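Residue numbers (my numbering): 26 to 191. For every residue, glycine included, the Cβ atom is placed at its ideal position computed from N, Cα and C. Remember, it's a predicted structure, so these values are computed and weren't measured experimentally. Encoded as structure tokens, the structure appears first; notes follow it.
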């Protein structure tokens with residue numbers, strides 16, 4: 026009985042040593058997955074999916090820019106306008122000529138072990154403008170506090186703890 030108690034103590038000590046680093050890595054990886062999921066879903070996942078506002082498709086005069094262009098007689102020329110061809114079915118926050126992944130793939134994380142923090146960053150200056158909805162831009166949140174993310178992180182940490190205590 027005494028041997029099994031010391032074995033348990035050794036397992037707990039080992040888990041206490043390894044788990045903080047693994048937890049920080051899990052938070053970073055799950056955070057990036059969460060951001061990419063929000064882009065794929067075109068909305069913010071918290072307790073449910075909060076969809077992003079649709080893209081504006083009218084000009085300053087209120088004309089629909091995705092409509093078919095017409096010839097001089099008023100008959101349809103049979104093709105969408107340049108704007109319509111480019112944007113009619115394009116996902117929100119995705120570029121039309123860039124492969125559409127400049128913002129989504131710009132996110133990185135770094136771990137600060139001294140203060141047990143995980144920081145997410147991007148090189149894109151306009152990311153905060155989209156996430157917060159600043160300067161007349163509609164809010165299209167892709168990162169922030171989320172119960173969905175907290176649940177994903179806690180499940181992964183529990184799995185790691187179970188592996189360590191085997």
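- Message: Can you tell me whether residue 79 is helix, strand or coil according to DSSP?
- Response: coil
- Whose C-beta lies closer than 6 Å to the C-beta of residue 46 among residues of the same chain, with five residues either side of it excluded? none
- Would you identify the three-state DSSP class for residue 175, choosing helix, strand or coil? helix
- Message: Which residue wins for smallest C-alpha separation from residue 65, given the options 86, 42, 166?
- Response: 166
- Message: Applying the 10 Å Cβ sphere with the 16-neighbour rule, what's the burial state of residue 157?
- Response: exposed
- residue 172 and residue 72 look like a contact to me (Cβ under 8 Å); what is the Cβ gap, rounded to whole Å? 5 Å
- Is residue 44 helix, strand or coil by DSSP? helix
- Message: On a Cα-Cα basis, can you pick out the residue from 176, 138, 130 that is closest to residue 44?
- Response: 138
- Item | Of the residues 134, 152, 135, 143, the one placed nearest residue 127, counting alpha carbons only | 152
- Query: Considering only C-alpha positions, which residue in the set 178, 69, 170, 29 is nearest to residue 51?
  - Reply: 178
- Endpoints, alpha helix (DSSP H) assigned at residue 156: 152-157
- Query: For residue 143, which beta-bridge partners are listed by DSSP?
  - Reply: 136
- Query: Can you list, in chain order, the residues of its chain whose CB lies under 7 Å from that of residue 168, leaving out five sequence neighbours each side?
  - Reply: 60, 145, 156
- Message: Just to confirm my understanding: we take residue 129, look at its own chain, exclude 5 residues before and 5 after, and list those with CB closer than 7 Å. What are they?
- Response: 61, 64
- Message: Please report the straight-line C-alpha distance between residue 80 and residue 89, rounded to a whole angstrom.
- Response: 12 Å
- Message: Would residue 36 and residue 190 be called neighbours here (beta carbons separated by less than 7 Å)?
- Response: yes
- Query: Does DSSP classify residue 69 as helix, strand or coil?
  - Reply: strand
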